[in-house]
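2 protein chains.
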Amino acid sequence: MPASLPFDPVAEARRQWTVHGWGDAADGMAAVTSLMRAQQIVLARVEAVLRPLGVTFARYEVLMLLHFSRADALPMTVIGARLQVHPTSVTNAVDRLEAAGLVQRQPHPTDRRTTLVALTDGGRALALAATEHLNTEVFGAPGIPADDVTALVGVLAGLRRDAGDF
Amino acid sequence: MPASLPFDPVAEARRQWTVHGWGDAADGMAAVTSLMRAQQIVLARVEAVLRPLGVTFARYEVLMLLHFSRADALPMTVIGARLQVHPTSVTNAVDRLEAAGLVQRQPHPTDRRTTLVALTDGGRALALAATEHLNTEVFGAPGIPADDVTALVGVLAGLRRDAGDF
DNA sequence: GACCGATGCTAGGACATCCAACTACCTCCG
DNA sequence: CGGAGGTAGTTGGATGTCCTAGCATCGGTC
Numbered sequence: 001m002p003a004s005l006p007f008d009p010v011a012e013a014r015r016q017w018t019v020h021g022w023g024d025a026a027d028g029m030a031a032v033t034s035l036m037r038a039q040q041i042v043l044a045r046v047e048a049v050l051r052p053l054g055v056t057f058a059r060y061e062v063l064m065l066l067h068f069s070r071a072d073a074l075p076m077t078v079i080g081a082r083l084q085v086h087p088t089s090v091t092n093a094v095d096r097l098e099a100a101g102l103v104q105r106q107p108h109p110t111d112r113r114t115t116l117v118a119l120t121d122g123g124r125a126l127a128l129a130a131t132e133h134l135n136t137e138v139f140g141a142p143g144i145p146a147d148d149v150t151a152l153v154g155v156l157a158g159l160r161r162d163a164g165d166f
Numbered sequence: 167m168p169a170s171l172p173f174d175p176v177a178e179a180r181r182q183w184t185v186h187g188w189g190d191a192a193d194g195m196a197a198v199t200s201l202m203r204a205q206q207i208v209l210a211r212v213e214a215v216l217r218p219l220g221v222t223f224a225r226y227e228v229l230m231l232l233h234f235s236r237a238d239a240l241p242m243t244v245i246g247a248r249l250q251v252h253p254t255s256v257t258n259a260v261d262r263l264e265a266a267g268l269v270q271r272q273p274h275p276t277d278r279r280t281t282l283v284a285l286t287d288g289g290r291a292l293a294l295a296a297t298e299h300l301n302t303e304v305f306g307a308p309g310i311p312a313d314d315v316t317a318l319v320g321v322l323a324g325l326r327r328d329a330g331d332f
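What follows is the structure, encoded as structure tokens:
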């Protein structure tokens with residue numbers, strides 16, 4: 001846990017940007033920097049909750065995605081597309097989940113290129129337990145006023161849409 | 167570049183949360199998930215701009231921090247506190263920056279525990295060149311309306327303050 | 001003036017992410 | 001129906017982040 005600072009480093013950077021004649025980009029810089037730091041903070045909180053359960057957020061997301069799917073199973077590619085991560089990240093996550101007995105690789109019935117990832121009973125149980133913890137300890141109290149949460153999600157949705165997230 | 171989806175995965179997750187009786191935490195979950203994805207998108211854009219210059223965003227932040235300091239030099243600890251990262255991350259970044267000749271470790275005049283990191287001429291030149299690229303290609307056009315940028319920075323500042331970022 | 005807790009930095013290990021490259025397989029067109 | 005191009009997944013390498021542990025140094029206290 002790093003020490004607190006007597007000032008907001010993002011605001012300070014924004015001031016420096018203006019001083020250096022980069023005023024046009026100062027707001028964008030502040031937005032990008034804020035986003036990076038906020039993500040780091042929130043991710044740390046999430047990981048702290050999940051660590052005792054033996055999973056990471058990346059793997060938790062895979063488990064929940066499978067839990068929400070019709071047959072509790074999805075192709076690797078679909079997982080990557082939904083979570084918006086590189087195929088190798090999916091391979092990595094599934095390797096570890098499979099080693100922990102939380103998911104199982106299965107051959108696709110018609111396409112031999114495809115690997116299906118199926119949720120095991122243990123995987124579902126862990127996903128639900130983890131969700132309960134996250135809901136009470138993080139999602140239910142994200143540290144942002146309710147109105148702001150709605151605004152935040154909306155603004156970020158616009159950004160994500162422009163970037164091709166959906 | 168992952169493929170586009172026919173729907174917003176965050177909105178879909180939010181719907182699933184509601185269906186499963188976790189409505190109280192649905193907004194928070196959506197906020198956290200949006201934050202993660204948006205950060206990933208923005209970071210990828212930043213890294214794409216910096217890659218041709220041979221630096222990463224983490225190292226660029228160190229260079230700019232030094233550039234904004236009075237003597238173009240700061241102790242490792244101060245860098246970690248400002249950037250809100252673990253001491254070992256600072257060591258890692260400075261190792262690579264020093265190997266590239268962009269910064270230089272110097273002994274502290276009075277405290278022999280402390281290591282000062284000093285910006286070299288090459289480091290300053292690279293930092294300014296990188297800033298120019300980032301300002302025009304990312305910060306100047308962050309993909310968010312100007313009004314929303316202000317709101318976003320404000321909301322995230324609240325979150326960061328609560329987390330002890332400043 | 002010596003000791004003991006606090007501070008500054010680094011080494012080793014675990015994870016997640018990306019990129020480039022490769023293999024295996026599928027599909028479609030000529 | 002055979003080859004070209006595209007798709008699915010993995011392997012190997014590079015980075016960044018954190019945690020735990022360790023060493024060196026500083027400072028306040030007795």
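Residue numbers (this note's numbering), protein chains in the order written: chain A, 1 to 166; chain B, 167 to 332. Even glycine gets a Cβ: it sits at the ideal position worked out from N, Cα and C.
Contact with chain A by residue i, beta-carbon distance below 8 Å
i	result
B/Thr316	yes
B/Arg290	no
B/Arg326	yes
B/Pro175	yes
B/Arg279	no
B/Gly306	yes
B/Ala239	no
B/Arg217	no
B/Gln250	yes
B/Leu322	yes
B/Asp331	yes
B/Leu232	no
Where residue i falls: helix, strand or coil (DSSP)
i	result
B/Ala239	strand
B/Gln206	helix
A/Ala125	helix
A/Thr150	helix
A/Gln16	helix
A/Val103	strand
B/Thr222	coil
A/Val155	helix
B/Val355	Here chain B covers residues 167 to 332 and nothing more, so residue 355 of chain B does not appear.
B/Asp174	coil
B/Ile245	helix
A/Val138	helix
A/Gly21	coil
A/Val85	coil
B/Phe332	coil
B/Gly309	coil
Residue(s) in a DSSP beta bridge with residue i
i	result
A/Gln110	The question names Gln, but residue 110 of chain A is Thr in the sequence shown. Looking at the DSSP assignment, A/Thr110 forms no beta bridge with any residue, so it has no partner.
A/Leu50	Beta-bridge pairing links A/Leu50 to no other residue.
B/Val283	B/Leu240, B/Arg271
Straight-line gap, residue i to residue j (C-alpha atoms, nearest Å)
i	j	result
B/Thr254	B/Gly246	9 Å
A/Thr150	B/Gly330	23 Å
B/Leu231	A/Ala157	31 Å
B/Met167	A/Pro142	Low confidence applies here, because B/Met167 scores a pLDDT of 41, under 50, leaving its location unreliable; read the following figure in that light. Whole-angstrom Cα-Cα distance: 30 Å.
B/Glu303	A/Ala129	43 Å
A/Asp148	A/Gly154	10 Å
A/Leu102	A/Asn135	21 Å
A/Ala100	B/Thr199	24 Å
A/Pro145	B/Asp328	12 Å
A/Pro6	B/Phe332	6 Å
B/Val256	B/Ala210	21 Å
B/Val221	A/Ala93	28 Å
B/Leu325	B/Val251	17 Å
B/Trp188	B/Met202	20 Å
B/His299	B/Tyr226	12 Å
A/Leu152	B/Gln272	43 Å
A/Ala3	A/Pro9	Confidence at A/Ala3 is low in this model, with a pLDDT of 49, below 50, so the placement of that residue is unreliable and no value is reported for it.
B/Leu249	A/Val46	20 Å
B/Phe223	B/Thr243	19 Å
A/Pro75	B/Leu229	42 Å
Beta carbon proximity, residue i to chain B, threshold 8 Å
i	result
A/Gly143	yes
A/Ser89	no
A/Asn92	no
A/Ser69	no
A/Pro2	Because A/Pro2 carries a pLDDT of 44, less than 50, the predicted location of this residue cannot be relied on, and the following value inherits that uncertainty. Closer than 8 Å: yes.
A/Gly28	yes
A/Met36	yes
A/Ala129	no
A/Leu43	yes
A/Asp24	yes
A/Ala146	yes
A/Val32	yes
A/Ala48	no
Original post:
If you pair each beta-carbon of the segment 191 to 199 of chain B with each one of the segment 209 to 224 of chain B, do three or more pairs fall below 8 Å?
Top reply: Look at the beta carbons and you see the segment 191 to 199 of chain B not touching the segment 209 to 224 of chain B: under three pairs across the two are nearer than 8 Å.
**OP:** Evaluate the contact criterion for the segment 7 to 20 of chain A versus the segment 101 to 111 of chain A: three or more CB pairs, one atom per stretch, below 8 Å.
**Re:** They do not touch, by the three-pair rule.
Original post:
Counting pairs of Cβ atoms below 8 Å between the segment 115 to 133 of chain A and the segment 285 to 292 of chain B, do you hit three or more?
Top reply: No contact exists between the segment 115 to 133 of chain A and the segment 285 to 292 of chain B.
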